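**Q** Quick one: the structure is below, and I'll ask about it shortly.
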DNA sequence: CGGCCTACG
DNA sequence: CGTA
DNA sequence: GCCG
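Here is the structure:
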């Protein structure tokens, strides 16, 4: 139900953080259902669908539309803020500032002399028409080939993995996310900078926001070794040439566009290999899935989860990291493989935004790790249980299967 | 009635 | 403030 | 707005 997303957006513009979140949760639950809701009975007992959201749904089911939603769609302020925030680098605050100045269109922003755009926003406006167009799976794969070639030229043993929405089975996305890693610990140091340099040499780097590893020896003498490796990531805009895209459709572009290329938003992340499982988890899940997982970690397990590790607050160490260190096997391969297999048993759906079909194809090609290692088994067991215990979509799907 | 993900620049 |  |  796109309606819930619209209500969430409207709440966000009204600075109502709570309702915004509630509507997003509701949207997430509805998206995870195997089919569209036909009557109110079908959503009995589902989480995050309370009095208000149900009332809106009833309105739509009986009249085909909701008065409140129609009102929001027509609202001048909502339309303007939606337009402004669609620009890369422009959030609710900046959009609000422009709206209060009486500005209503993108052209008015660009012609207003008193407005100072930052680097991100300048890129956002410069490539606006391209970036706001959907990216197809074929285009994502084409970019994967280009980047992979560049990466292999630098480090032949490096592995590039498609993550984000495309890994969840989506056909279109607003950007393309990749994870880049090397089998040997530490060899990923500086790799990303090297890759960026090569992309620049090739003339396809249109914009680059690099977030280098924040390591400063003078600044953190007290910090432990474990704390220093915030892995590298970068937000890019790349130039994708026509003819590099496979398939009969080729490039996504407007009729009458004869440039022969388009700009695409690309994210590159380069974690050390022992953090691969966490990076993959973090960058494959949707925004909402990540929130659910991290909330669960903190509230239910007294742990802290991020894209690098799972931190146990009671034990004061990185719980899985210790286990990972003590095993000779590339343990992340094993945990992701089992996790993926477990997920697919229960979640045959692959085509919605909120169901991260955790990727296992790459692992399938390699051998099945030998059993009998108690560390492997323990990590696998805890990891699987952890995910399943909080997977909102899992709960929803389970509910549909057994309670209706 | 308080909390709502967590990290980076 | 913005990005994921 | 929904939940614990």
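Numbering (the working numbering), first residue to last: 134 to 537. For glycine and all other residues, C-beta sits at the position ideal for the given N, C-alpha and C. Owing to the predicted nature of the structure, the values given are computational and were not obtained by experimental measurement.
Do the region 376-393 and the region 269-283 make contact, defined as three or more Cβ pairs closer than 8 Å?
**A** yes
**Q** Along the beta strand (DSSP E) that carries residue 436, what are the first and last residues, could you check?
**A** Looking at the DSSP string, the run of the beta strand (DSSP E) that includes residue 436 is 436-438.
**Q** What do you reckon, are the CB atoms on residue 371 and residue 399 nearer than 7 Å?
**A** Result yes, Cβ atoms of residue 371 and residue 399 sit closer than 7 Å.
**Q** Taking just the CA atoms, how far does residue 432 sit from residue 439?
**A** 14 Å
**Q** Exposed or buried, which one is residue 199 when buried takes at least 16 other CB atoms within 10 Å?
**A** buried
**Q** Based on DSSP bridge pairs, tell me the residues matched to residue 409.
**A** Residue 409 is not bridged to any residue.
**Q** Looking at the structure shown, is residue 173 part of a helix, part of a strand, or coil, going by DSSP?
**A** helix
**Q** Does the separation of the CB atoms of residue 579 and residue 161 fall below 7 Å?
**A** An answer regarding residue 579 cannot be provided, because it is not within the stretch 134 to 537 covered by the chain.
**Q** I think residue 327 touches residue 264, with their Cβ atoms under 8 Å apart; what is that distance to the nearest whole Å?
**A** The Cβ separation is near 26 Å, so there is no contact.
**Q** Please name the residue or residues paired with residue 395 in a DSSP beta bridge.
**A** 373
**Q** DSSP on residue 162, reduced to helix/strand/coil?
**A** Residue state, collapsed to three classes: helix.
**Q** Residue 244 by DSSP, collapsed to three states: which one?
**A** helix
**Q** What is the DSSP secondary structure of residue 343, counted as helix, strand or coil?
**A** strand
**Q** Straight-line CA distance for residue 136 to residue 205?
**A** 10 Å
**Q** With burial defined as no fewer than 16 other Cβ atoms inside 10 Å of the residue's Cβ, what is the status of residue 334: buried or exposed?
**A** exposed
**Q** When you compare each of 290, 295, 195 and 298 to residue 315 by their alpha carbons, which one comes out closest?
**A** 290
**Q** With distance defined between alpha-carbon atoms, name the residue in 176, 295 and 339 nearest to residue 253.
**A** Relative to residue 253, the option among 176, 295 and 339 whose CA is nearest is 339.
**Q** Do residue 395 and residue 384 have their C-beta atoms within less than 7 Å of each other?
**A** yes
**Q** What are the boundary residues of the beta strand (DSSP E) that includes residue 267?
**A** Looking at the DSSP string, residue 267 is not in any beta strand (DSSP E), and its letter there is neither H nor E.
**Q** For residue 334, does the three-state DSSP call read helix, strand or coil?
**A** helix
**Q** Taking just the CA atoms, how far does residue 256 sit from residue 234?
**A** 22 Å
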